[in-house]
Amino acid sequence: MVSPGELRLIDTLTEKDAFEPEIADNGAVSYPDVTRLLDDADGDPVDVLDRFAARGVLASEFVSKVYVCPECTTEGLQYTTVCPACESEHAIETTVLEHVCGYAGPEAEFDAEDGFRCPDCEMDLQTEDVDETERYVCNECPEVFAVPEDRLWCRSCFAMVPPLEATERALYQYTLTPNGKQWVDRQKAALRTVTEALQERRFETEIDATVTDETESRSVHVLAEDGLMGDQRIVSIHETPDAESVEEFCAFAHSIDAHPVVVTTSGTVEGEVAARAEGSELTVLAFKGSETLDTAYDTVESAGSQQGLFQRLSAALDVPVGKR
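Residue 291 in the UniProt record's numbering sits at position 291 of the sequence shown, and the numbers go up by one each step.
Structure below.
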C-alpha cells in the first residue's frame with residue numbers, strides 16, 4: 001500500500017526539484033523535507049526513498065559519503081590521526097633533530113642555556129652533525145615517527161575506529177522520474193475519483209485525514225462520513241492490495257467502527273483479498289482510468305509475482321472485466 005505520507009512525499013516532487021541530504025555540524029545526516037512529509041508509521045525516510053528508487057518512481061544520484069560508527073551507529077565520524085605505538089591523538093607534527101650519536105627528539109630538547117647540546121650524549125651541536133626533519137612526536141609515549149595512523153573518531157561514544165572498520169554510507173539526492181510522474185498522477189486520479197464518488201453519495205469527505213482509535217492515530221487517504229445515517233468509511237489507495245496490508249487496514253477500520261474501502265490502481269488484488277471482499281466487511285474497487293471505478297478486478301496469488309511496476313500501470317489501462 002502506498003501510505004498517505006508516501007503519496008504526499010512523491011507528489012511534492014512534481015513541484016520540487018529534488019530531496020537532498022543535509023549533514024549537520026555533528027555529522028548527522030537527514031532529509032528534513034522527507035521527514036516532515038512522512039508520517040511516523042512510514043518508517044525511516046531513507047528506507048522509503050530507497051524503496052521508491054528501487055521501483056523506478058524516483059531516481060537517485062550520488063552526492064557524497066559518510067562513515068558510521070560500528071560501535072554506536074552514529075553518522076559522520078571525524079577524521080584524525082594517532083600514534084602507531086599507543087594510539088593517542090596527542091601526537092603532533094614538529095621539527096625533530098637527529099644527532100650523529102643516534103638520538104632524535106624535538107628541537108626544544110636540544111636547546112641549552114649556552115647554545116644547542118644533545119640531551120643524550122651532551123655534545124655541543126655542529127651543523128654538520130645534525131639532521132633536521134619534520135616528524136610526529138607523541139606526547140603520551142616516547143614514540144617519534146614519520147607517518148601517523150588514520151582513525152575516525154566518534155563524537156558520541158568516543159571510539160577510535162580504523163577507517164576500514166567503519167561502516168561506509170553513500171548519500172544520494174532523489175528526483176522524480178518520468179515514469180514516477182505517471183505513477184503519482186494515477187494514484188492521485190484514483191484518490192480524486194473515489195472521493196468524488198463518495199461525495200455524490202452525500203458523504204462528507206476529508207483527504208489525507210488523521211483518524212484515532214483507542215490505541216493509535218494514523219493517516220488514511222480518505223475519511224468519509226454520513227452524519228445523518230451514522231455511516232463512516234475509510235479508503236486506502238493501493239497498487240495491488242495484498243492480504244497482510246488489507247488485514248491490518250480492515251482491523252483498524254473495525255476499531256473505529258468504519259467500513260474499509262480499498263482501491264486498486266493496477267486492477268489486480270491478491271486472491272485472499274478478493275475472497276475477503278466477497279463478504280460484506282470489505283469493499284474493493286478497481287480504478288480503470290478516466291475517472292472510472294469498477295467492482296471487477298483480476299486476482300493473483302501474490303502481489304510480488306506480478307510483472308514490473310510500469311508494465312502493470314500500462315496493463316491497468318485495459319483490465320479484463322470480471323474476477324478470475
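Heads up, the beta-carbon is just placed ideally off N, CA and C, and yes, glycines get one too.
Since we're looking at a predicted model, the values are computed, not measured.
Give every residue of the same chain whose Cβ lies closer than 8 Å to the Cβ of residue i, excluding the five residues on either side of it in the sequence, and list them in chain order.
i    : result
K181 : T14
V29  : P21, E22, I23, V66, E75, G76, R169, L171
P17  : Checking the sequence, you will find Asp at residue 17 rather than Pro. Once the five neighbours on either side are set aside, the close Cβ partners of D17 are T175.
G227 : E204
So, for residue i: in the same chain, excluding its five sequence neighbours on each side, which residues have a beta-carbon less than 6 Å away from its beta-carbon?
i    : result
N139 : H90
T35  : P45
Q307 : Any answer about Q307 is weak, because its pLDDT of 43 lies below 50 and its placement is not dependable; what the coordinates show is given next. So the list is empty, once near-sequence residues are dropped.
E247 : none
A253 : I234, P260
Between which two residues does the beta strand (DSSP E) carrying residue i extend?
i    : result
I92  : 91 to 99
K188 : Unbroken run through K188 is the alpha helix (DSSP H), 178 to 200; no beta strand (DSSP E).
A224 : 217 to 226
A286 : 283 to 289
A18  : No beta strand (DSSP E) holds A18; DSSP gives it neither H nor E.
Provide the residue span of the alpha helix (DSSP H) that contains residue i, from first to last.
i    : result
E247 : 243 to 255
V130 : Careful: V130 lies outside any alpha helix (DSSP H), inside the beta strand (DSSP E) at 130 to 138.
G5   : 4 to 12
A209 : Here A209 belongs to no alpha helix (DSSP H); instead the beta strand (DSSP E) covers 204 to 212.
P260 : Here P260 belongs to no alpha helix (DSSP H); instead the beta strand (DSSP E) covers 259 to 264.
T296 : It should be noted that the sequence gives Ala, not Thr, for residue 296. Premise fails: A296 is in no alpha helix (DSSP H) and is neither H nor E.
V34  : 32 to 37
G271 : 271 to 277
P45  : 45 to 54
Confirm, please, whether the CB-CB distance from residue j to residue i is below 7 Å.
i    : j    : result
A243 : E272 : yes
V211 : V222 : no
P241 : C250 : no
C86  : C141 : yes
T193 : E291 : yes
V82  : E165 : no
E114 : Y103 : Sequence inspection shows Asp at residue 114; the Glu mentioned does not correspond to that position. Not a contact, by the Cβ cut-off of 7 Å.
D33  : F19  : yes
R8   : L37  : yes
V269 : I237 : no
R155 : N26  : yes
L285 : R276 : no
M1   : S245 : yes
Who does residue i pair with in a DSSP beta bridge?
i    : result
R151 : T80
S236 : V262
F145 : Y136
D231 : D226
K65  : A170
S60  : Y174
G115 : A112
Please list, in chain order, all residues of the same chain as residue i whose beta carbon is under 7 Å from its beta carbon, the five residues on each side excluded.
i   : result
T12 : L37
Self-check item: Stretch-stretch touch, CB-based, cutoff 8 Å, three pairs: the segment 119 to 136 with the segment 55 to 66
Solution: no
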